[in-house]
Amino acid sequence: MDNHIIWHKSAITREDRHHLNGHKSGVLWFTGLSGSGKSTLANAVDAQLYELGVRSYVLDGDNIRHGLNKGLGFGIEDRIENIRRIGEVAKLFADSGQIVSTAFISPFREDREQARSLFPSGEFIEIFVDCPLAVCEKRDPKGLYRKARRGEIRDFTGIDSPYEAPLNPELIIETYRHSIFKAADIVVSYLRNQKFIP
Ligand SMILES: Nc1ncnc2c1ncn2[C@@H]1O[C@H](COP(=O)(O)OS(=O)(=O)O)[C@@H](OP(=O)(O)O)[C@H]1O
Ligand SMILES: Nc1ncnc2c1ncn2[C@@H]1O[C@H](COP(=O)(O)OP(=O)(O)O)[C@@H](O)[C@H]1O
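Residue numbering for the sequence shown follows our numbering, beginning at 1353 and increasing consecutively.
Written out as structure tokens, the structure is:
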């Protein structure tokens, strides 16, 4: 590590930005199998936050892998690096005063805990997007499970790559039992109860 890189303290504090925005900042860390509903839920929550005048943003697995994380694959090392980078980017968004949602499978507990360690206590909200593999496979909107079952995709999460479900998430959303709107409502209500938003 080059110890000539000195962190430059910002003149404007997180508290200044919370005061400016009228709400706290932090990360909604959605984790779950492919097809469980992470992107849909993250965007539905983001839309509700927008209507409430909250400064928020969504970082989505598919999108980020076309840009910042282009070239990373789905082997264990690449998934670890993918999530490491997203944790750091999410921290920057939270430091800027926003409520940032990350919609990544983020299959490994250790990587999610490493991301959690970047945030002040209470500002990392892990949301397990809980959906049985069989339901995810039935949905299969991109046909990837079918390809994985035919051996056309290797290291596919839930098929031949592990997913480690959260042991103690802040929220569990069972998307096989709740509509998209109800699921988003549960998340926004949690933010209100935790005094993240007015
Ligand atoms: N091998 C393999 N395993 C799992 N997923 C795969 C794979 N190949 C491509 N895809 C598509 O990539 C999306 C998951 O990317 P993530 O960055 O969220 O994955 S990870 O957090 O690095 O595990 C995931 O998107 P979502 O369905 O939105 O989760 C898949 O559509
Ligand atoms: N709460 C829900 N109830 C029913 N279907 C859902 C729900 N959430 C998402 N879906 C559907 O499941 C599929 C996968 O959703 P998506 O958000 O792409 O999942 P992920 O981002 O986890 O891969 C989509 O067809 C979506 O419309």
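The beta-carbon is built from N, C-alpha and C at its ideal position, and this holds for glycine as well.
DSSP puts residue i in a beta bridge; with which residues?
i, result
"V1481", "I1525"
"S1408", "I1451"
"T1509", "S1513"
"F1323", "No information on residue 1323 is available, as it lies outside the stretch 1353 to 1550 that the chain covers here."
Start and end of the beta strand (DSSP E) containing residue i?
i, result
"V1452", "I1451 to A1455"
"G1378", "G1378 to T1383"
Could you check whether residue j and residue i sit closer than 8 Å to each other, using their CB atoms as the reference points?
i, j, result
"T1509", "S1391", "no"
"G1425", "F1456", "no"
"C1488", "S1388", "yes"
"I1432", "T1454", "no"
"N1545", "G1449", "no"
"V1410", "D1398", "yes"
"K1443", "F1548", "no"
"F1476", "W1381", "yes"
"V1481", "L1393", "yes"
"R1464", "T1383", "yes"
"D1492", "R1498", "yes"
"V1514", "P1550", "According to the sequence as given, residue 1514 is Pro; it is not Val. Their beta carbons are not under 8 Å apart, which means P1514 does not touch P1550 by this criterion."
"V1539", "I1525", "yes"
Classify residue i: buried if its beta carbon has 16 or more other beta carbons within 10 angstroms, exposed otherwise.
i, result
"R1529", "exposed"
"P1343", "Because the chain spans 1353 through 1550 in this model, residue 1343 falls outside it and cannot be assessed."
"T1365", "exposed"
"E1478", "buried"
"R1461", "exposed"
"A1363", "exposed"
"F1471", "buried"
"Y1402", "exposed"
"V1434", "Strictly speaking, residue 1434 in this sequence is Asn, with Val absent from that position. N1434 should be labelled buried."
Is the CB of residue i under 8 Å away from at least one CB in chain C?
i, result
"L1372", "Considering every chain present, this structure includes no chain C. It has just one protein chain."
Quick one: give me the first and last residue of the alpha helix (DSSP H) that residue i is part of.
i, result
"I1532", "I1532 to N1545"
"L1424", "No alpha helix (DSSP H) contains L1424, which DSSP labels as neither H nor E."
"D1492", "It is not in any alpha helix (DSSP H) - D1492 carries neither H nor E in the DSSP assignment."
"N1520", "Note, N1520: premise wrong, no alpha helix (DSSP H); not H, not E."
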